[in-house]
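Working notes, structure below.
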Amino acid sequence: MSSLEKIAGRRAELDELAESLAKQLAEVDAEREELTAAERVLRRLSEQEAEAAGQDAGLPQQVQVAGRSVLKVPHRREVVDASALRGDYRRMLQIVQAAGGPVMVKDVGAELGIDVVVPGRLEPPRGKLSKLAVRGRLYRLPNGTFTIRA
């Protein structure tokens, strides 16, 4: 075997080794990027947990998932406190409490200043009242009226 053949053979071996190492390096880089992303997510979660621990226990936690708010109406706790609710939900709960008995969606809509003659206008309050019922803050009667859960 001549020197040129030996050099060509060694060059081919080194080319194969370089190709193999390049593949391994690409795999390592991809895994490092995944670890970096996981580290960022864990940091965000730990920051949110730290903020939640510092918040008042009666207030709902504000958690962002994929840039969207989660759980606008918190689950009912031992003490039903309207201050744990946000905006319209708190107002609707106060309206139902003030009614002292079963209340229809159109009555709540009228108290909120919604035009109750147009049926489509009552769907957002109906949905919010239903959420309050699902979360245990209100009770929905079979006839579609809502009352405070005892």
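The numbers in our numbering rise by one with no breaks, and the one at position 129 of the sequence shown is 1204. Idealized CB from N, CA, C, for every residue including glycine.
Asked	Found
Closest residue to Leu1160 among Arg1118, Glu1109 and Lys1203 (Cα-Cα distance)	Lys1203
Status (buried if at least 16 other CB within 10 Å, exposed otherwise) for Thr1220	buried
Spatial distance of Leu1213 from Gly1162 (CA atoms)	16 Å
Euclidean distance between Cα positions of Ile1234 and Glu1126	Lying before the first or after the last residue shown, residue 1234 is absent from the chain, which here runs from 1076 to 1225.
Among Arg1210, Glu1124, Pro1194 and Asp1090, nearest to Leu1168 - alpha-carbon criterion	Arg1210
Element boundaries [beta strand (DSSP E), containing Arg1166]	No beta strand (DSSP E) contains Arg1166, which is instead part of the alpha helix (DSSP H) from Gly1162 to Ala1174.
Status (buried if at least 16 other CB within 10 Å, exposed otherwise) for Asn1218	exposed
Cβ-Cβ distance between Val1180 and Arg1201 below 9 Å	yes
Exposure label - Val1116; buried when at least 16 CB within 10 Å	exposed
Boundaries (first-last residue) of the beta strand (DSSP E) holding Leu1213	Leu1213 to Arg1215
Nearest-angstrom beta carbon gap, Thr1222 and Gly1176 [assumed within contact, 8 Å]	6 Å
For Val1180, the three-state DSSP class (helix, strand or coil)	helix
Residues near Glu1186 by beta carbon distance below 6 Å, same chain, minus five either side	Ile1170
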